[in-house]
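In this note's numbering, the protein residues as written are 14 to 210.
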């Protein structure tokens with residue numbers, strides 16, 4: 014399936030993150046302490062700790078000061094949203110203190126898991142759980158050869174929270190394994206906070 018590559022705007026030396034084809038969201042803000050369900054994949058109910066309308070979320074608010082320290086982040090700041098992720102999409106960019114990776118958190122408002130599977134191809138997605146949320150991991154190589162690891166969190170019907178981590182362009186010691194370790198750690202941290210919103 015076709016994917017659009019969109020470069021990180023954080024700095025000229027950084028790698029890219031990915032975008033997918035536009036779709037139509039059908040999100041609702043559900044509350045309550047019990048897990049919520051939906052049918053993002055169109056086949057079975059989706060069990061989430063809490064369905065959160067991502068239109069109401071600032072992705073930078075999903076990283077607490079304690080998490081910033083624990084994850085080794087030197088900077089957490091709003092980034093330029095990508096139009097491919099839907100009107101009102103938001104972005105937060107992070108840089109790490111010691112490792113040569115950068116990351117971003119995006120709110121994808123124009124399609125959920127069904128669209129993700131259709132545009133990326135289900136075979137390229139590895140299912141996982143992130144702080145109780147169903148999620149999907151994807152790996153790719155950015156232009157220039159740097160590894161990129163993406164975690165798509167099924168936050169709400171028709172909406173995804175994307176956490177991506179990419180190696181800095183030109184650093185040959187960057188590996189996909191380290192990128193995915195960082196992406197999973199960051200995704201777990203932000204999904205835990207998401208469930209409290």
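For every residue, glycine included, the Cβ atom is placed at its ideal position computed from N, Cα and C. Since the structure is predicted, the reported quantities are computational estimates derived from the model, not experimental observations.
Can you tell me whether residue i is helix, strand or coil according to DSSP?
i	result
residue 111	coil
residue 117	strand
residue 106	strand
residue 180	strand
residue 167	strand
residue 36	With a pLDDT of only 37 at residue 36, under the threshold of 50, the placement of this residue in the model should not be trusted; the figure read from the coordinates follows. Of the three classes helix, strand and coil, the one that applies to residue 36 here is coil, per DSSP.
residue 59	coil
residue 94	coil
residue 72	helix
residue 151	strand
residue 156	coil
residue 161	strand
residue 89	strand
residue 77	coil
residue 126	helix
residue 65	coil
residue 209	coil
Sorted by chain position, which residues of the same chain lie with C-beta nearer than 8 Å to residue i's C-beta, five sequence neighbours on each side aside?
i	result
residue 111	85
residue 48	Confidence at residue 48 is low in this model, with a pLDDT of 42, below 50, so its placement is unreliable and the value that follows should be read with caution. Closer than 8 Å at the Cβ level, and outside the excluded window around residue 48, lie 60, 61, 62, 63, 145.
residue 81	89
Take residue i as the anchor and find which of the options has the nearest alpha-carbon.
i	options	result
residue 140	167, 96, 88	167
residue 189	104, 198, 153, 144	153
residue 196	208, 156, 177, 182	177
residue 148	161, 160, 127	127
residue 129	204, 165, 58	165
residue 100	107, 106, 68	68
Pop quiz: residue i and residue j are said to be a contact at Cβ under 8 Å. What is the actual Cβ separation, rounded to whole angstroms?
i	j	result
residue 104	residue 117	6 Å
residue 91	residue 73	6 Å
residue 98	residue 122	6 Å
residue 134	residue 171	Actually they are not in contact, since the Cβ atoms of residue 134 and residue 171 sit about 20 Å apart, beyond 8 Å.
residue 163	residue 155	That pair is no contact at about 11 Å.
residue 71	residue 169	With a Cβ gap of about 16 Å, residue 71 and residue 169 do not count as contacting.
residue 208	residue 143	With 8 Å as the limit, residue 208 and residue 143 do not qualify as a contact, their Cβ atoms being about 10 Å apart.
Could you pull out every residue in the same chain whose Cβ sits closer than 7 Å to the Cβ of residue i, ignoring the five residues on either side in sequence?
i	result
residue 180	28, 113, 114, 159, 160, 187, 192
residue 199	84, 116, 176, 178
residue 202	76, 80, 84
residue 206	75, 77
residue 96	none
What does a CB cutoff of less than 6 Å around residue i pick up in its chain, not counting 5 residues either side in sequence?
i	result
residue 102	94, 120, 122
residue 34	With a pLDDT of only 36 at residue 34, under 50, the local geometry of the prediction cannot be trusted, and no value is derived from it.
residue 137	151
residue 210	65
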